[in-house]
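Comments concern the structure below.
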Amino acid sequence: MSLALIAPNRNLSAWKIQIQALLPELEVWTYPDIPQPEQVKYALLWNHPEGILSTLPNLQWVSSLGAGVEHILVDQGLPANIPITRIVGDQLATDMARYVTKAMLNHQQRSIYLLANQQQQKWKVPVFQEKTIGIMGYGKMAQKTIEVLQCLGYEVIIYSNSQKDTNGLQHFYGKDQLPAFLQKTDVLVCMLPLTPATEGILNAELFANCKPGTYLINVARGKHLIEEDLLEAIAQGQISGACLDVFREEPLPKKHPFWMHSQITVTPHCASLTTPEEAVSQWVANYQRLTNGEELMHQIDVAKGY
Numbered sequence: 059m060s061l062a063l064i065a066p067n068r069n070l071s072a073w074k075i076q077i078q079a080l081l082p083e084l085e086v087w088t089y090p091d092i093p094q095p096e097q098v099k100y101a102l103l104w105n106h107p108e109g110i111l112s113t114l115p116n117l118q119w120v121s122s123l124g125a126g127v128e129h130i131l132v133d134q135g136l137p138a139n140i141p142i143t144r145i146v147g148d149q150l151a152t153d154m155a156r157y158v159t160k161a162m163l164n165h166q167q168r169s170i171y172l173l174a175n176q177q178q179q180k181w182k183v184p185v186f187q188e189k190t191i192g193i194m195g196y197g198k199m200a201q202k203t204i205e206v207l208q209c210l211g212y213e214v215i216i217y218s219n220s221q222k223d224t225n226g227l228q229h230f231y232g233k234d235q236l237p238a239f240l241q242k243t244d245v246l247v248c249m250l251p252l253t254p255a256t257e258g259i260l261n262a263e264l265f266a267n268c269k270p271g272t273y274l275i276n277v278a279r280g281k282h283l284i285e286e287d288l289l290e291a292i293a294q295g296q297i298s299g300a301c302l303d304v305f306r307e308e309p310l311p312k313k314h315p316f317w318m319h320s321q322i323t324v325t326p327h328c329a330s331l332t333t334p335e336e337a338v339s340q341w342v343a344n345y346q347r348l349t350n351g352e353e354l355m356h357q358i359d360v361a362k363g364y
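Numbering (the working numbering), first residue to last: 59 to 364.
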């Protein structure tokens with residue numbers, strides 16, 4: 059009985075050490091060194107090689123190393139009817155809330171404009187305007203972000219796929235209500251899970267329905283955004299700019315137009331990073347639940363994709 063840690067190009071030594079310290083009876087192997095694939099019952103994954111799951115014939119449970127699971131669900135070798143879980147931590151949510159708040163403040167208070175003026179020794183006082191923040195998604199990270207933004211006095215509205223209890227916040231749901239949501243939004247924050255239904259949702263049609271001058275913050279997944287459509291919407295003035303932490307190709311290619319665009323802020327997928335300390339304790343707790351025949355925490359609905 060063993061656990062396979064599979065995340066190419068990531069140093070997983072801290073994960074392995076901490077798991078073995080808590081579960082000394084469990085054999086832990088790190089990809090590509092998996093000497094006995096038939097012994098692997100559990101896998102912790104992040105952007106794993108396509109098809110590797112089909113080489114683990116006795117797999118009983120798969121967990122993501124982070125909050126996202128789309129990299130698992132697209133694998134054609136994923137065994138049917140096994141539980142899939144993800145990491146949902148308080149620190150992840152807090153870090154995400156801080157990032158979105160920082161991006162919002164930088165936009166509203168025109169930080170890039172002020173820095174440029176400083177470098178040119180210009181004394182110009184900008185006009186700060188109140189903004190309504192529209193958040194797409196209502197998971198744990200979005201809820202924490204909303205809490206922080208409200209503490210700063212921002213008006214926040216929500217859009218999601220289906221109706222939810224949003225504690226009295228103005229809530230739009232379903233495709234029919236998306237245009238109305240966009241027309242009330244000054245700063246659009248994408249925090250949706252990536253599913254077949256949401257892939258490419260940030261596209262020309264959506265931008266056309268936005269208020270002119272809407273600012274975009276994408277901290278969800280790069281595949282939510284049609285990048286060419288964003289560039290065109292900015293060129294036309296429909297979108298005033300964007301802060302992007304996620305991209306279709308990562309690292310972002312050197313010649314990508316986002317790098318040097320004066321109205322786009324690029325960050326290297328760092329809004330919310332999983333730490334071994336938080337994630338390992340959660341995985342071990344789930345391991346103990348599994349061995350005791352109890353329901354797993356943070357198990358995803360495969361049909362929904364999250």
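Yeah, the Cβ is synthetic: ideal placement off N, Cα and C, and Gly gets one too.
What three-state label does DSSP hand residue i in the structure shown?
i	result
tryptophan 317	coil
glutamine 220	In the sequence as displayed, the identity of residue 220 is serine instead of glutamine. It is coil, neither helix nor strand.
asparagine 276	strand
glutamine 114	Note that residue 114 corresponds to leucine in the displayed sequence, not to glutamine. Three-state DSSP puts leucine 114 in coil, outside helix and strand.
phenylalanine 265	helix
leucine 354	coil
alanine 255	coil
tyrosine 345	helix
isoleucine 145	coil
valine 120	strand
histidine 106	coil
valine 338	helix
glutamate 213	strand
leucine 288	helix
Taking residue i as the reference, which of the options has the closest Cα?
i	options	result
valine 183	Ile191, Val245, Gln167, Trp119	Gln167
proline 326	Gly124, Trp317, Val304, Gln346	Val304
threonine 143	Trp181, Ile92, Leu103, Asn164	Leu103
glutamate 285	Thr190, Gly258, Asn175	Gly258
methionine 154	Tyr171, Gln179, Ile130, Ile193	Ile193
glycine 124	Trp341, Glu353, Glu352	Trp341
cysteine 301	Gln178, Leu283, Asn276	Asn276
phenylalanine 265	Thr332, Ile297, Ile130, Gln357	Ile297
proline 93	Ala62, Gly232, Asp133	Ala62
leucine 250	Gly299, Tyr231, Ala238	Tyr231
isoleucine 322	Tyr273, His229, Val146	Tyr273
alanine 361	Val98, Pro82, Leu80, Glu128	Glu128
lysine 160	Cys328, Gln357, Glu353	Cys328
leucine 136	Trp119, Gln208, Ser320, His282	Trp119
asparagine 267	Leu246, Lys189, Glu83	Leu246
alanine 343	Gln235, Gln201, Leu80	Leu80
alanine 278	Lys180, Tyr364, Gln97	Tyr364
serine 60	Val185, Thr332, Met355, Gln97	Gln97
glutamate 307	Thr253, His282, Leu331	His282
proline 237	Leu260, Leu173, Ile140, Ile77	Leu260
Can you tell me whether residue i is buried or exposed, with buried defined as 16 or more other CB within 10 angstroms of its CB?
i	result
isoleucine 75	exposed
serine 122	buried
glutamine 171	Here the sequence assigns tyrosine to residue 171, which means glutamine is not the residue at that position. Answer is exposed; the Cβ neighbour count stays below 16.
asparagine 350	exposed
methionine 162	buried
serine 218	buried
valine 158	buried
alanine 200	buried
Taking only heavy atoms of the ligand ZN into account, decide whether any of them is closer than 7 Å to the Cβ of residue i.
i	result
proline 237	Inclusion of the ligand ZN in the displayed structure is not the case, the ligand content being empty and no account of it being possible.
From what residue to what residue does the beta strand (DSSP E) around residue i run?
i	result
tyrosine 100	98-103
tryptophan 87	85-88
threonine 323	322-324
histidine 327	It is not in any beta strand (DSSP E) - histidine 327 carries neither H nor E in the DSSP assignment.
alanine 300	297-302
valine 245	245-248
alanine 62	60-64
isoleucine 284	Run containing isoleucine 284: none; DSSP gives neither H nor E here.
isoleucine 193	190-194
phenylalanine 230	229-231
Looking at the secondary structure, which residues open and close the alpha helix (DSSP H) in which residue i lies?
i	result
asparagine 164	148-166
leucine 236	236-241
alanine 174	169-177
threonine 203	198-209
histidine 129	128-131
isoleucine 92	Per DSSP, isoleucine 92 belongs to no alpha helix (DSSP H) and is neither H nor E.
glutamine 76	71-80
Taking Cβ positions only, does residue i come closer than 8 Å to chain B?
i	result
leucine 84	The structure shown has no chain B; it contains just one protein chain.
Inset, instruction - Please determine if the stretch 329-338 and the stretch 143-155 are in contact, where contact requires at least 3 C-beta pairs separated by less than 8 Å. - result: yes
Legend entry - Three CB pairs or more closer than 8 Å across the stretch 79-96 and the stretch 214-226: no
Legend entry - Sufficient close CB pairs (3 or more, under 8 Å) joining the stretch 234-246 to the stretch 107-118: The stretch 234-246 makes no contact with the stretch 107-118; the number of CB pairs closer than 8 Å stays below 3.
Inset, instruction - Could you tell me whether the stretch 307-316 touches the stretch 277-295, using the rule of 3 or more Cβ pairs below 8 Å? - result: Flag = yes, the stretch 307-316 and the stretch 277-295 touch.
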